[in-house]
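Taking full-length UniProt numbering as reference, the numbering of the sequence shown is continuous, increasing by one, and the terminal residue is 228.
Idealized CB from N, CA, C, for every residue including glycine.
For reference, the structure discussed in these notes is given below.
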Amino acid sequence: MLLCPLLILAHRRRGLLGSVVYVMVTLAWTGLLFCGSHYLTGSWDFLSATHGVILTVPDLTPNVGLFWYFFTEAFEHFRVFFLCVFQINAFLYVLPLSFRFSEHPVFLAYVLLSLMALFKSYPSVGDLALPLSLLPLWSHTFRYLRYTLVVLCMFLMTSVLCPVFWYLWIHAGSANANFFFATTLAYSLAQVFLVSDVMYSFLVHRYDLCHGLPRVDSHGHTIALALR
Numbered sequence: 001m002l003l004c005p006l007l008i009l010a011h012r013r014r015g016l017l018g019s020v021v022y023v024m025v026t027l028a029w030t031g032l033l034f035c036g037s038h039y040l041t042g043s044w045d046f047l048s049a050t051h052g053v054i055l056t057v058p059d060l061t062p063n064v065g066l067f068w069y070f071f072t073e074a075f076e077h078f079r080v081f082f083l084c085v086f087q088i089n090a091f092l093y094v095l096p097l098s099f100r101f102s103e104h105p106v107f108l109a110y111v112l113l114s115l116m117a118l119f120k121s122y123p124s125v126g127d128l129a130l131p132l133s134l135l136p137l138w139s140h141t142f143r144y145l146r147y148t149l150v151v152l153c154m155f156l157m158t159s160v161l162c163p164v165f166w167y168l169w170i171h172a173g174s175a176n177a178n179f180f181f182a183t184t185l186a187y188s189l190a191q192v193f194l195v196s197d198v199m200y201s202f203l204v205h206r207y208d209l210c211h212g213l214p215r216v217d218s219h220g221h222t223i224a225l226a227l228r
């Protein structure tokens, strides 16, 4: 997914030829790593044990993601269909977002990292650390955020309730999977609110720079700001 912002950066710095060279180098190194792994292990079984596990989701151990509960409840003859739907959903937004933020590849990388943390087969809380660490890069757009309090409260509540419901379900036996999954679902929803709100604030900030937004002075009169 991160190839798109990297290709945009390569195209802006070195043109079309630089992008083609970057793709060829990436494919060459990927093939070299695969061949090296085959040489060291003596078979191609490492593919099913690494990339195959991520794509086919055979292990349904509970985590903070969306896959484990759904595929535990889904009928087996629908598994392949919903597996394709879930996996394609992670890549469905790459092209539209790449076209929309083609002039801002670093911000595009942040958005894609957030989506990767949200739609991973086996996510962890640490996956959200990387996009959150990049968030201060756009602190100048924070004044346009709309759901700051909602997102903070959701992250706070899920951080407290997830270990509590996990203990009640796994160790105490006084709760069931629905309690834990409800908190992980709220955690995923908080990520959706966060990334959508950051994109909104970024776009509004760009619009405000180019066209200006109506503002009200201390007397209640509408004023217009002009860049000079």
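I need the straight-line Cα distance from residue i to residue j, nearest angstrom please.
{"i": "L209", "j": "L17", "result": "33 angstroms"}
{"i": "R14", "j": "V198", "result": "30 angstroms"}
{"i": "T56", "j": "E76", "result": "13 angstroms"}
{"i": "K120", "j": "T222", "result": "46 angstroms"}
{"i": "S188", "j": "L27", "result": "33 angstroms"}
{"i": "N176", "j": "T183", "result": "12 angstroms"}
{"i": "M24", "j": "H11", "result": "14 angstroms"}
{"i": "S201", "j": "T148", "result": "11 angstroms"}
{"i": "L95", "j": "S43", "result": "35 angstroms"}
{"i": "S98", "j": "H104", "result": "9 angstroms"}
{"i": "T50", "j": "L40", "result": "15 angstroms"}
{"i": "V20", "j": "L161", "result": "48 angstroms"}
{"i": "T30", "j": "V53", "result": "18 angstroms"}
{"i": "F179", "j": "H211", "result": "47 angstroms"}
{"i": "L128", "j": "T141", "result": "20 angstroms"}
{"i": "A90", "j": "W68", "result": "16 angstroms"}
{"i": "Y207", "j": "L213", "result": "8 angstroms"}
{"i": "F46", "j": "V80", "result": "22 angstroms"}
{"i": "A172", "j": "F70", "result": "24 angstroms"}
{"i": "P58", "j": "L132", "result": "29 angstroms"}
{"i": "R100", "j": "G126", "result": "28 angstroms"}
{"i": "I88", "j": "S174", "result": "37 angstroms"}
{"i": "L78", "j": "F86", "result": "Leu is not the amino acid found at residue 78; the sequence shown has Phe there. Distance between the alpha carbons of F78 and F86: 12 angstroms."}
{"i": "S37", "j": "S48", "result": "13 angstroms"}
{"i": "R146", "j": "A74", "result": "36 angstroms"}
{"i": "L130", "j": "C35", "result": "30 angstroms"}
{"i": "S139", "j": "Y122", "result": "30 angstroms"}
Could you check if residue i belongs to the surroundings of the ligand COA, using beta carbon to heavy atom distance under 8 angstroms?
{"i": "A175", "result": "Among the components modelled here there is no ligand, and therefore nothing to report on the ligand COA."}
How about residue i and residue j: are their beta carbons less than 9 angstroms apart?
{"i": "V151", "j": "A190", "result": "yes"}
{"i": "T72", "j": "L60", "result": "yes"}
{"i": "C4", "j": "L108", "result": "yes"}
{"i": "residue 233", "j": "Y167", "result": "Outside the shown range of the chain, which is 1 to 228, sits residue 233, and nothing can be said about it."}
{"i": "V195", "j": "L115", "result": "yes"}
{"i": "N63", "j": "S159", "result": "no"}
{"i": "V204", "j": "Y144", "result": "yes"}
{"i": "L185", "j": "L66", "result": "yes"}
{"i": "L2", "j": "L118", "result": "no"}
{"i": "I170", "j": "S102", "result": "no"}
{"i": "F193", "j": "M154", "result": "yes"}
According to DSSP, is residue i part of a helix, a strand, or is it coil?
{"i": "T222", "result": "strand"}
{"i": "W44", "result": "coil"}
{"i": "residue 230", "result": "Here the chain has residues from 1 to 228 only, and residue 230 is not among them."}
{"i": "R146", "result": "coil"}
{"i": "M1", "result": "coil"}
{"i": "E103", "result": "coil"}
{"i": "F75", "result": "coil"}
{"i": "L213", "result": "coil"}
{"i": "V164", "result": "helix"}
{"i": "V57", "result": "coil"}
{"i": "L92", "result": "coil"}
{"i": "P123", "result": "coil"}
{"i": "G31", "result": "helix"}
{"i": "G173", "result": "coil"}
Could you check how far apart the C-beta atoms of residue i and residue j are, in whole angstroms? I think they sit under 8 angstroms.
{"i": "Y22", "j": "L6", "result": "7 angstroms"}
Q | 4 or more residues per run - each alpha helix (DSSP H) lying fully within the region 175 to 201 | A | None, since the region 175 to 201 contains no complete alpha helix (DSSP H) of that length.
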